[in-house]
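To start, the structure under review is shown below, and the notes come after it.
Residue numbers (the working numbering): 1442 to 1875.
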């Protein structure tokens, strides 16, 4: 009996020792960063699994005023992800234009540093309640980003860099316009600055993109689809129904025509090089429609796609701008599409586009924006509405010939990458490993 008691006592003591030891390990695992994050009353912090690139990863929600001009206005929670290496390293802030997930970006890898990825207000998990469209504008979003950066500057004292891709690239430009001293440098990828809801610079770009032969090949395929709608419209409907795409907003037949019109923009946006992969019209219907489905994006005009992007469309039709379609050469072949895209406007709102914000942004970039690098692809239609530099600042604009919307720093040849590296090294006082 005594031996059993002794055994049980030993087990209990061992359990206590292990429990205390585990508690100590948990306490020790609470890093300086984690403790600091938990001490901030306006942050809600969830620790995520670290990965091979970062020692600590967190999903964070920060409490923001719906109206940044009125700190006492109702609050909403804005999501961002923090990936940490070392507090003494620089930090890259990726300001996204939409909802976000977490992944390492090109700059944090290049600079071997910390990063945050910030979700845009009104997207994903960062939707205000009560919901009011009027607080979705570039100044409010820039103030969101300013507040996040200023908060994290209490911990990260080294250099700060902002970056973003596409609408995210535009977003970082807007942030720098209103808070030029928040960060030390900015890299904006494939970022448009549109002047209207049907920016004519896109039309002009299509007249000179790629080669005469390729432009004609794209146009011929569009006309081929419209002339043979009796063949390809039923296939469009069949594929859409299989994918469960609905077109109540646009209408099936009008959606088909808009997909044909969108094909040229989408093809050049995502393709580098020439037009060798465009099928000849003598190919099988399966091959031709397969190519069309891959490049035109049949879901783009679906109800689900349009509704999921309502915050984007709201911005497009109030400040951000967009493009329409030049239907001059297709007029006789179209039955439903007029080239305009006002069906994207959310909730049938009556919206008035204000061109002044983008004119102001463009003027500021041309004349005052320092320490900024703008990356564009030569084939990408969004390059047509990209920024223009005048030489009055130290900023750099790089266009990769035949580059697409996927153009990044690594896309450029070594001698041109060197120009980008040198700028970043000078501005950030660092050495980039070649």
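Each residue gets a CB set at the ideal place from its N, CA and C atoms; glycine is no exception.
For residue 1525, the enclosing beta strand (DSSP E) covers residues 1516 to 1525. Unbroken beta strand (DSSP E) stretches of 3 residues or longer found wholly inside the stretch 1540 to 1577: 1555 to 1559, given in chain order. Residues of the same chain with a CB within less than 6 Å of the CB of residue 1744, apart from the 5 flanking positions on each side, are 1687, 1689, 1690 in chain order.
Closest option to residue 1749, judged by alpha-carbon separation, among 1572, 1860, 1564: 1564. Distances from the alpha-carbon of residue 1607 to those of 1873, 1828, 1861, 1862 put 1828 closest. In this structure the stretch 1516 to 1530 lies against the stretch 1491 to 1498, because at least three pairs of beta carbons, one per stretch, are closer than 8 Å. Taking a contact as a CB-CB distance under 8 Å, the pair residue 1824 and residue 1840 counts as one, their CB atoms being some 6 Å apart. Counting the other CB atoms within 10 Å of its CB gives residue 1491 a total below 16, which places it among the exposed residues.
Note on residue 1476: under 16 other CB atoms within 10 angstroms of its CB, so exposed under the neighbour-count rule. Secondary structure within the stretch 1624 to 1650: the beta strand (DSSP E) runs of 3 or more consecutive residues, fully enclosed, are 1626 to 1630 (chain order). Within its own chain, the residues whose Cβ lies closer than 6 Å to the Cβ of residue 1729, once the five positions on either side in sequence are excluded, are 1720, listed in chain order. Between residue 1502 and residue 1558, the gap from beta carbon to beta carbon reaches 7 Å or more. In the structure shown, the three-state DSSP call for residue 1502 is strand. With respect to the 7 Å criterion, residue 1628 and residue 1548 are classified as neighbours on the basis of their beta carbons. Of the residues 1759, 1741, 1659, 1675, the one whose Cα lies closest to the Cα of residue 1712 is 1659. With contacts defined by Cβ atoms closer than 7 Å, residue 1794 and residue 1634 do not form a contacting pair. Between residue 1577 and residue 1677 a beta carbon distance of about 33 Å is seen, past the 8 Å cut, so the two are scored as non-contacting. Assignment of alpha helix (DSSP H) within the stretch 1784 to 1840, counting only whole runs of 4 or more residues, yields 1797 to 1808 in chain order. Within the stretch 1677 to 1758, there are no complete beta strand (DSSP E) runs of at least 3 residues.
When only Cα atoms are considered, residue 1865 and residue 1767 end up about 40 Å apart. With 16 or more other Cβ atoms from the protein chains shown falling within 10 Å of its own Cβ, residue 1478 counts as buried.
When DSSP reads this structure, residue 1485 sits in a beta bridge with 1502. Between the alpha carbons of residue 1489 and residue 1542 lies a gap of roughly 13 Å. Around residue 1644, the same chain offers 1767 as residues with beta carbons nearer than 6 Å, after the five sequence neighbours per side are excluded. Here residue 1601 is bridged, per DSSP, to 1532. In terms of Cβ geometry, residue 1472 and residue 1520 do not form a close pair [threshold 7 Å].
The three-state secondary structure of residue 1507, taken from DSSP, is coil. Residues of the same chain with a CB within less than 6 Å of the CB of residue 1581, apart from the 5 flanking positions on each side, are 1509 in chain order.
Excluding the 5 residues flanking it on each side, residue 1583 has same chain C-beta neighbours closer than 6 Å at 1615, 1616, 1619, in chain order.
In this model, residue 1736 and residue 1774 are separated by some 21 Å (Cα to Cα).
A distance below 8 Å between beta-carbons, with the five flanking residues on each side excluded, links residue 1646 to the following residues of its chain, in chain order: 1822, 1824, 1825. Taking a C-beta distance under 7 Å as the contact criterion, residue 1764 and residue 1757 do not qualify as a contact pair.
Under the 8 Å Cβ criterion, the stretch 1790 to 1805 does not count as touching the stretch 1586 to 1598, having fewer than three qualifying pairs. For residue 1725, the number of other beta carbons within 10 angstroms of its own is below 16, and it is reported as exposed. With respect to the C-alpha of residue 1626, the residue from 1516, 1540, 1605, 1601 having the closest C-alpha is 1601. The three-state reading of DSSP puts residue 1606 in strand, counting E and B together.
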